[in-house]
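Below is one structure; the comments refer to it alone.
Residue numbers (the working numbering): 527 to 712.
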């Protein structure tokens with residue numbers, strides 16, 4: 527079985543900016559450099575044939591390069607407790623279009639359509655049930671921003687769960703087609 531997801535890997539200087547944020551929340555498991563990504567679609571566990579079908583379907587996606595920038599912080603809650611701290615990005619329109627294309631490719635490969643609303647973000651930390659409060663960290667870093675950075679590719683990643691968290695391996699890279707702008711308007 528392969529545990530897969532599709533994501534954009536921010537450039538090194540953006541990852542360095544995110545890693546420089548003070549990690550002052552007790553009980554938080556902070557992402558390391560290799561784990562920082564912006565998910566386009568989580569797939570989960572699939573067999574080798576379906577993994578190949580996904581890779582082949584993603585190869586049919588055409589998109590023009592675009593730029594995004596870091597824009598603030600947020601958190602996700604589950605059952606009334608914060609479980610994830612994340613960095614936001616703006617603008618979201620081109621990301622939402624790429625997400626739709628990725629989702630259609632996954633459906634073409636035999637996966638169910640994504641039903642959750644898409645909120646583009648880069649996970650910074652996962653919090654245990656006993657994690658400390660997040661408010662001070664969010665307030666201290668509320669103005670998180672960056673210069674725009676290019677998105678000219680996305681990747682299919684395989685995730686291997688271990689005792690110290692997930693380890694990601696890039697299985698395939700898909701590049702933008704700047705000369706194919708009219709096809710990205712589909």
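Backbone N, C-alpha and C define an ideal beta-carbon position, used for all residues, glycine too.
Taking only three categories from DSSP, how would you classify residue i?
{"i": "residue 697", "result": "strand"}
{"i": "residue 540", "result": "helix"}
{"i": "residue 707", "result": "Only weak support is given to the placement of residue 707: the predicted model assigns it a pLDDT of 47, under 50, and the value that follows is read from those uncertain coordinates. Looking at residue 707 - three-state DSSP - the assignment turns out to be helix."}
{"i": "residue 547", "result": "coil"}
{"i": "residue 690", "result": "coil"}
{"i": "residue 535", "result": "coil"}
{"i": "residue 702", "result": "coil"}
With distance defined between alpha-carbon atoms, name the residue in the options nearest to residue i.
{"i": "residue 628", "options": "542, 572, 529, 681", "result": "681"}
{"i": "residue 548", "options": "666, 683, 577", "result": "666"}
{"i": "residue 602", "options": "679, 614, 594", "result": "614"}
{"i": "residue 599", "options": "544, 677, 699", "result": "544"}
{"i": "residue 623", "options": "597, 536, 587, 557", "result": "587"}
{"i": "residue 648", "options": "561, 583, 663, 593", "result": "561"}
{"i": "residue 527", "options": "565, 556, 578", "result": "578"}
{"i": "residue 609", "options": "538, 653, 557", "result": "653"}
{"i": "residue 626", "options": "663, 640, 694", "result": "640"}
Shorter than 7 Å, the distance from the beta carbon of residue i to the closest heavy atom of the ligand MG, or not?
{"i": "residue 601", "result": "The ligand content of the structure shown is nil, which means the ligand MG is not present either."}
Tell whether a beta-carbon distance below 8 Å holds between residue i and residue j.
{"i": "residue 570", "j": "residue 529", "result": "yes"}
{"i": "residue 551", "j": "residue 651", "result": "yes"}
{"i": "residue 591", "j": "residue 618", "result": "no"}
{"i": "residue 611", "j": "residue 542", "result": "no"}
{"i": "residue 701", "j": "residue 632", "result": "no"}
{"i": "residue 593", "j": "residue 531", "result": "no"}
{"i": "residue 595", "j": "residue 679", "result": "no"}
Exposed or buried, what is residue i when buried is set at 16 or more other beta-carbons lying within 10 Å of its beta-carbon?
{"i": "residue 604", "result": "exposed"}
{"i": "residue 655", "result": "exposed"}
{"i": "residue 687", "result": "exposed"}
{"i": "residue 580", "result": "buried"}
{"i": "residue 575", "result": "exposed"}
{"i": "residue 536", "result": "buried"}
{"i": "residue 696", "result": "exposed"}
{"i": "residue 677", "result": "buried"}
{"i": "residue 557", "result": "buried"}
{"i": "residue 699", "result": "exposed"}
Open item on the list: Quick check on the DSSP output: what are the complete beta strand (DSSP E) runs of length 3 or more inside the stretch 557 to 600, in order along the chain?
Closed with: 564 to 572
Task: Whole runs of the beta strand (DSSP E) within the stretch 601 to 682, excluding any shorter than 3 residues - done: 607 to 616, 647 to 653, 675 to 677
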